[in-house]
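Engineer:
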Amino acid sequence: MRASRLVSLLLLLQTRGRMTAQQLADALEVSVRTVYRDVESLGAAGVPVYADRGPTGGYQLLEGYRTRLTGMTAPEAEALFLAGMPGPAADLGLGPVLAAAELKLLAALPDELADRGGRARQRFHLDAPGWFRNPEPTPHLTALARAVWEDRLVEIRYQRWKTPREVTRVLAPLGVVLKAGRWYLVARSGEQVRTYRVGAVLDLVLLDERFDRPADFDLAGFWREWTERYERDVYRGEARVRMTVAALEFLPYVFPPAMSRAARAAAGEPDEHGWLETTVPIESVKHAQVELLKLGADVEVLAPAELRDRLAATAHALAGLYPAPGAESVGAPDAGAPTGAAVRR
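Under our numbering, the sequence shown has 1291 at position 161, and the numbering climbs by one with no breaks.
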């Protein structure tokens, strides 16, 4: 374990340059005191690592020093082949590049490691999109990926959900993210960093002008904070409901995760009939109507009144279309009558 950590510390200094003891400790998930001991051990082993004192100091290797301790272990070779994503790579226009890289990697690895990598690919497969969802067309993804690589500005015509529906923006692309089968662009617009769904880009022009990428921008960190904020802010209201215990247990399968978690956390104790009360976060009354209908007669809305009225209207319309079991209906609904106005004896 310690030998592996020493190699990791050495490779960190080789690839990243000067790093403080705290930065090394965070990267290796150890204490600063452990970093001090490991650096002393590297020095004793003849590795030319030295420290600069002061607020801007840190550890670094002697200029020009390169270690050759870059051989892969068997688990590392297996993990590397699992990291390949042919579908997303093709979306980004990197399919041939990925295939060529894998061929070179196979040629460079010892036979045993190459065989283990191939076995991993045959036994594990990543299928990113969710169920029952076709891939969203993203004709401009390859051009956006090129803009990200080359730090070039783009002008896009974008369709958004609020008015005006179509807008034109000049953006500085900072990265692309694949989330649940959909591609998103993270880009700077003016002084703000925003997120755009790539499938909603209608037109794109790759400009010749380049931009300076912020040195401290962390794509993974930004995306994590943005998704947490989005899930928190998208639910602007709440509904008070009664539901059965069975419906509560069914929530994770039909509700978005944030709605399901909140509803289950707020659930009270069930009564003698197996019903309980809870609070459900909602985006809007219309959105909540669609989500709660998934639970059928196992949920009753108590508030707000507008949501209760909407569900009541839907229930009455359905009752008009579907008579009680065993009852006989005559004829079909009048073409000129409102939805659910069936003709009966």
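The beta carbon of each residue, even a glycine, is placed where N, CA and C say it ideally should be. Because the structure is a prediction, the values reported are computed rather than measured.
Entirely within the segment 1274-1324 and at least 4 residues each: give me those alpha helix (DSSP H) ranges in chain order.
Structural biologist: Complete alpha helix (DSSP H) runs here, min 4: none at all.
Engineer: Quick one: grab the DSSP three-state call for R1327.
Structural biologist: If DSSP states are grouped into helix, strand and coil, R1327 belongs with the strands.
Engineer: Find out if the Cβ-Cβ distance for the pair L1141, V1179 is shorter than 9 Å.
Structural biologist: No, the Cβ-Cβ distance between L1141 and V1179 is not below 9 Å.
Engineer: Excluding five sequence neighbours on each side, which residues of the same chain lie with their C-beta closer than 6 Å to the C-beta of G1367?
Structural biologist: If we look at G1367 and ignore the five residues flanking it on each side, its Cβ neighbours are I1412.
Engineer: Confirm, please, whether the CB-CB distance from V1375 to W1405 is below 9 Å.
Structural biologist: Result yes, Cβ atoms of W1405 and V1375 sit closer than 9 Å.
Engineer: State buried or exposed for A1418, treating a residue as buried only when at least 16 other CB atoms are found within 10 Å of its CB.
Structural biologist: So A1418 ends up on the buried side.
Engineer: Give me the DSSP bridge partner(s) of V1335.
Structural biologist: E1285, per the DSSP bridge assignment.
Engineer: What's the C-alpha gap between L1274 and L1315?
Structural biologist: Computed Cα separation, rounded: 8 Å.
Engineer: Report all residues from its chain with a CB closer than 8 Å to the CB of G1466; omit the five preceding and five following residues, and keep chain order.
Structural biologist: In this prediction, G1466 has a pLDDT of 44, which is less than 50 and means its spatial position is unreliable; what the coordinates show is noted afterwards. Answer for G1466: no residue qualifies.
Engineer: Am I right that A1396 and T1408 are in contact with their C-beta atoms under 8 Å? What's the rounded C-beta distance?
Structural biologist: At roughly 5 Å, the Cβ-Cβ gap stays under 8 Å, so A1396 and T1408 are in contact.
Engineer: Can you tell me whether V1473 is buried or exposed, with buried defined as 16 or more other CB within 10 angstroms of its CB?
Structural biologist: Only weak support exists for where V1473 lies, its pLDDT of 35 falling under 50; the coordinates are left without a value.
Engineer: Check the C-beta distance from P1259 over to G1311 and give it rounded, since I have them as a contact under 8 Å.
Structural biologist: That belief holds up - the Cβ atoms of P1259 and G1311 are roughly 3 Å apart, short of 8 Å.
Engineer: Starting from the C-beta of P1468, find all residues in its chain whose C-beta is less than 7 Å away, skip the five residues before and the five after it, and write them out in chain order.
Structural biologist: Confidence is the limiting factor: at P1468 the pLDDT is only 43, short of 50, which leaves the residue's position unreliable and the question unanswerable from this model.
Engineer: Going by the DSSP bridge assignment, what does M1373 pair with across the sheet?
Structural biologist: Bridge partners of M1373: L1406, V1429.
Engineer: Is V1335 buried or exposed, if buried means 16 or more other CB atoms sit within 10 Å of its CB?
Structural biologist: Exposed, because fewer than 16 other Cβ atoms sit within 10 Å of the Cβ of V1335.
Engineer: Return the bridge partner residues of M1149 from the DSSP annotation.
Structural biologist: Looking at the DSSP assignment, M1149 forms a beta bridge with Y1189.
Engineer: From L1441 to V1331, what does the alpha carbon distance come to, in whole angstroms?
Structural biologist: Between L1441 and V1331, the C-alpha separation is close to 36 Å.
Engineer: Closest to A1392 by C-alpha separation, out of H1403, R1370, P1400, D1401, would be which residue?
Structural biologist: Selected option, being the one with the closest Cα: R1370.
Engineer: Considering only C-alpha positions, which residue in the set Q1153, R1359, R1318, D1338 is nearest to P1344?
Structural biologist: Nearest C-alpha to P1344: R1318.
Engineer: Please name the residue or residues paired with V1179 in a DSSP beta bridge.
Structural biologist: L1191, per the DSSP bridge assignment.
Engineer: Between M1389, V1177, L1437, which lies nearest to L1192 when the distance is taken from Cα to Cα?
Structural biologist: Residue V1177 is the option with its Cα nearest to L1192.
Engineer: Alpha carbon to alpha carbon, how far is Y1166 from R1156? Give it in angstroms, no decimals.
Structural biologist: Here the sequence assigns Asp to residue 1156, which means Arg is not the residue at that position. So the two alpha carbons sit approximately 13 Å from each other.
Engineer: Between G1461 and P1265, what straight-line distance do the alpha-carbon atoms span, to the nearest angstrom?
Structural biologist: Only weak support exists for where G1461 lies, its pLDDT of 49 falling under 50; the value from the coordinates is given anyway. Using only the alpha carbons, I get a separation of about 42 Å.
Engineer: Compute the Euclidean distance between the alpha carbons of T1357 and P1453, then round it to the nearest angstrom.
Structural biologist: Whole-angstrom Cα-Cα distance: 45 Å.
Engineer: If you compare alpha carbons, which of A1133, T1272, Y1195 is closest to D1333?
Structural biologist: It is T1272 whose Cα lies nearest to the Cα of D1333.
Engineer: Could you give the first and the last residue of the continuous alpha helix (DSSP H) run that contains A1393?
Structural biologist: Segment 1387-1395, the alpha helix (DSSP H) holding A1393.
Engineer: Just mark V1297 as buried or exposed, buried being the case when its beta carbon has 16 or more other beta carbons within 10 Å.
Structural biologist: Its Cβ having fewer than 16 others within 10 Å, V1297 is exposed.
Engineer: Quick check: R1394 and P1386, are their CB atoms within less than 9 Å of each other?
Structural biologist: It is not a contact, given that the beta carbons lie outside the stated cut-off.
Engineer: Rounded C-beta distance between A1377 and V1306? I'm assuming under 8 Å.
Structural biologist: Incorrect: roughly 39 Å between the Cβ atoms, too far for contact.
Engineer: Express the C-alpha separation of Y1189 and A1151 in angstroms, rounding to a whole number.
Structural biologist: Going by the C-alpha atoms only, they are around 7 Å apart.
Engineer: DSSP three-state label for G1184, please.
Structural biologist: Here G1184 sits in coil by DSSP.
Engineer: Would you tell me roughly how many angstroms separate the C-alpha atoms of G1398 and K1424, rounded to the nearest one?
Structural biologist: One C-alpha to the other measures close to 21 Å.
Engineer: On the DSSP bridge assignment, give the partners of R1340 in chain order.
Structural biologist: For R1340, which the question treats as bridged, DSSP gives the partners R1282.
Engineer: Counting along the chain, where does the alpha helix (DSSP H) carrying A1454 start and finish?
Structural biologist: First-last for A1454: undefined, no H or E at that position.
Engineer: In whole angstroms, give me the CA-to-CA distance for L1410 and R1362.
Structural biologist: As written in the sequence, residue 1410 is Val, which differs from the Leu given in the question. When rounded, the distance between both Cα atoms is 13 Å.
Engineer: By alpha-carbon positions, which one of L1301, T1145, V1328 ends up nearest to E1321?
Structural biologist: Nearest C-alpha to E1321: L1301.
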